[in-house]
């Protein structure tokens, strides 16, 4: 019975420490034209910062990152950043026609080679090779066949496996 109280006490302390850590965070709300950044309830600084979104930059092919600048629209410049830069990974418009999976090889893997669709970004690879583990291991199949051969199962049945 005493152990239950200790567990409840420890759980309560953990919850209090987690809620204290979260209280210092920011809440971000986005609309089509602006970004609202404000502190969560319980945080010491309760100012609201509103930002106007800039346009996304072109994708940098070396880093595969694009960025945009947020400029302060409303809020105290002493507690709000005048501008913020957001970075995001670029999405290439690479679309592939999915091929059929190969049969399971001796290593227990299947592969397929997908070809780039004509409507895709021409800078994409023309094909991609995908490999995955097979659910039917050929080694297991071979062991079963050897076992069935040893018990003299008719060949017709062995070939169906």
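Residue numbers (mature numbering (1 follows the signal peptide of the UniProt record, and there is no 0)): -25 to -1, 1 to 136.
Cβ coordinates follow ideal geometry from the N, Cα and C atoms, glycine included.
CA-CA distance, residue 40 to residue 30, rounds to 14 Å.
About 5 Å separates the CB atoms of residue 95 and residue 70; that is less than 8 Å, so the two are in contact. The alpha-carbon of residue 51 is positioned some 41 Å away from that of residue 68.
Between the C-alpha atoms of residue 121 and residue 106 there is a straight-line separation of about 28 Å.
In its chain, beyond the 5 residues on either side, 29, 58, 60 have a beta carbon closer than 6 Å to the beta carbon of residue 44. In the DSSP assignment, residue 61 is bridged to 43.
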